[in-house]
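What follows is a short report on a single structure.
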Amino acid sequence: MALSPVTPDRISLNTATLREQWSLADCIDGCQRHGFGGIAPWRDKLQEMGVDRAARAIRAAGLSVSGLCRGGWFTEEGALTPAVIDDNIRAVDEAAEIGAACLVMVVGGLPKGSRDIGLAHGLVEEGLARTLEHARSVGMPVAIEPLHPMYAADRACVNTMRHALDICDRLGPGIGVACDVYHVWWDPDLAEQIERTGTERMLAFHVCDWLVPTRDMLTDRGMMGDGVIDIPAIRAQVESVGFSGLTEVEIFSALDWWKRDPDEVMQIIIERCAKVV
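At position 126 of the sequence shown (counting the first as 1) the number is 126 in UniProt numbering, and the numbers step up by one without a gap.
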């Protein structure tokens with residue numbers, strides 16, 4: 001299918017991209033000045049600003065919220081403690097208050113000291129099911145974000161679209177996936193699993209690039225076009241199932257983009273989205 005250019009009004013800034021330079025208030029202002037269509041806050045920045053104040057500022061700037069990052073971390077305490085569940089309930093409520101399209105879930109890795117990946121999978125699925133009970137009651141879609149397998153031990157033990165969709169099949173309505181090209185580009189089953197997702201379960205689409213070499217496992221993502229991911233091909237697959245949401249730019253880059261002038265970063269995002277996304 002022919003792809004139309006990703007214009008600024010179709011871009012959402014995931015605030016992790018400028019977390020070292022800008023507060024959430026700065027990001028909201030920057031998105032408005034550069035003509036971005038949306039924003040995706042992280043909860044620490046959201047809470048720092050205040051959820052109510054942030055919600056009002058986002059609405060005043062005319063921005064959509066492509067997602068709230070993040071809920072999950074169900075394995076953090078080795079059990080689904082009240083604290084873990086309560087934090088996810090709060091995340092759902094925060095997402096609803098700011099009008100997010102979904103709450104993105106980074107589900108958690110192995111519990112501390114554990115080698116039992118099956119235990120981790122069980123905790124994650126039960127935690128998602130319990131969170132969904134509340135999320136459905138407030139109409140907040142929950143999006144599992146499968147992370148690259150290098151994060152299976154410490155950040156997320158759900159690492160493929162297939163695994164995420166298997167969970168969605170079992171849990172029913174109100175849950176889908178966030179497709180981040182950084183995490184799934186390598187998967188030989190990706191096209192098949194994107195097709196399986198369908199319109200209702202494709203809740204978010206995140207872009208950046210995979211650098212060669214990658215100098216840090218977490219904080220050395222590339223600007224689109226600087227790495228090896230065929231982003232347009234994945235975008236075409238995502239749009240072919242009916243996804244019409246914003247393209248969310250999420251770049252963790254301690255060695256490069258977090259050191260640059262944030263307005264320069266925003267302008268380069270616009271240029272790259274038009275040319276290589």
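We treat Cβ as the ideally placed atom computed from N, Cα and C, and that holds for glycine. Small disclaimer: the values here were computed from a predicted structure and weren't measured.
Comparing alpha-carbon positions, which option in the options lies nearest residue i?
{"i": "Ile11", "options": "Pro232, Asp216 and His206", "result": "His206"}
{"i": "Ala254", "options": "Val238, Leu218, Ala233 and Asp230", "result": "Leu218"}
{"i": "Leu190", "options": "Gly227, Met223, His148 and Gly174", "result": "His148"}
{"i": "Tyr151", "options": "Gly176, Pro173, Tyr182 and Ile175", "result": "Tyr182"}
{"i": "residue 279", "options": "Asp169, Gly109 and Arg70", "result": "With the chain represented from 1 up to 277, any question about residue 279 goes unanswered, as that position is not in the structure."}
{"i": "Cys157", "options": "Thr75, Asp230, Thr7 and Gln193", "result": "Thr75"}
{"i": "Ile28", "options": "Ile98, Ala79 and Thr81", "result": "Ile98"}
{"i": "Ile39", "options": "Met223, Gly174, Ile229 and Gly245", "result": "Gly245"}
{"i": "Gly225", "options": "Met202, Val277 and Gln237", "result": "Val277"}
{"i": "Asp25", "options": "Asp44, Leu128, Arg201 and Thr7", "result": "Correcting the residue identity first, residue 25 is Ala in this sequence and not Asp. For the residues Asp44, Leu128, Arg201 and Thr7, the minimum Cα distance to Ala25 belongs to Asp44."}
{"i": "Thr15", "options": "Lys259, Arg33, Gln267 and Phe252", "result": "Phe252"}
{"i": "Arg90", "options": "Arg130, Pro111 and Val184", "result": "Arg130"}
{"i": "Val92", "options": "Ala143, His121 and Asp169", "result": "Ala143"}
{"i": "Ala135", "options": "Trp185, Asp87, Ser240 and Asp9", "result": "Asp87"}
{"i": "Asp187", "options": "Arg170, Asn159 and Leu211", "result": "Asn159"}
{"i": "Pro173", "options": "Gln193, Leu128, Asp209 and Ile270", "result": "Leu128"}
{"i": "Val107", "options": "Glu94, Arg115, Gly78 and Gly113", "result": "Gly78"}
{"i": "Gln32", "options": "Leu18, Arg59 and Thr17", "result": "Arg59"}
Identify the continuous alpha helix (DSSP H) that holds residue i and give its terminal residues.
{"i": "Asp180", "result": "Where Asp180 is concerned, there is no enclosing alpha helix (DSSP H), although the beta strand (DSSP E) it sits in stretches over Ile175 to Asp180."}
{"i": "Met49", "result": "Arg43 to Met49"}
{"i": "Leu255", "result": "No alpha helix (DSSP H) holds Leu255; DSSP gives it neither H nor E."}
{"i": "Arg70", "result": "Arg70 -> not in any alpha helix (DSSP H); beta strand (DSSP E) instead, spanning Leu68 to Gly72."}
{"i": "Pro262", "result": "Pro262 to Val276"}
{"i": "Ser240", "result": "Ile231 to Ser240"}
{"i": "Thr131", "result": "Ile117 to Val138"}
{"i": "Arg170", "result": "Met161 to Leu171"}
Using three-state DSSP, classify residue i as helix, strand or coil.
{"i": "Leu13", "result": "strand"}
{"i": "Ala60", "result": "helix"}
{"i": "Ala101", "result": "coil"}
{"i": "Gly30", "result": "helix"}
{"i": "Ala153", "result": "coil"}
{"i": "Gly108", "result": "strand"}
{"i": "Val65", "result": "strand"}
{"i": "Asn88", "result": "helix"}
{"i": "Gly35", "result": "coil"}
{"i": "Asp187", "result": "coil"}
{"i": "Ala83", "result": "helix"}
{"i": "Gln193", "result": "helix"}
{"i": "Arg215", "result": "coil"}
{"i": "Pro8", "result": "helix"}
{"i": "Thr75", "result": "coil"}
{"i": "Glu94", "result": "helix"}
{"i": "Arg53", "result": "helix"}
Hey, could you find the ends of the beta strand (DSSP E) residue i is sitting in?
{"i": "Ala143", "result": "Val142 to Ile144"}
{"i": "Gly38", "result": "Gly38 to Ala40"}
Look up residue i in the DSSP assignment and give the residues it is bridged to.
{"i": "Phe205", "result": "Cys179 and Thr247"}
{"i": "Gly222", "result": "Asp209"}
Less than 8 angstroms separating the beta-carbons of residue i and residue j?
{"i": "Pro213", "j": "Leu3", "result": "no"}
{"i": "Ala274", "j": "Pro41", "result": "no"}
{"i": "Leu46", "j": "Ala57", "result": "no"}
{"i": "Val177", "j": "Pro146", "result": "yes"}
{"i": "Val265", "j": "Trp257", "result": "yes"}
{"i": "Ile167", "j": "Glu195", "result": "no"}
{"i": "Leu80", "j": "Leu132", "result": "no"}
{"i": "Val65", "j": "Ala101", "result": "yes"}
{"i": "Met105", "j": "Gly72", "result": "yes"}
{"i": "Arg162", "j": "Met223", "result": "no"}
{"i": "Leu119", "j": "Ala153", "result": "no"}
{"i": "Ile270", "j": "Pro8", "result": "yes"}
Taking 7 angstroms as the cut-off, does the CB of residue i come closer than this to any heavy atom belonging to the ligand GDP?
{"i": "Gly99", "result": "Absent from the structure shown: the ligand GDP. Ligands present: none."}
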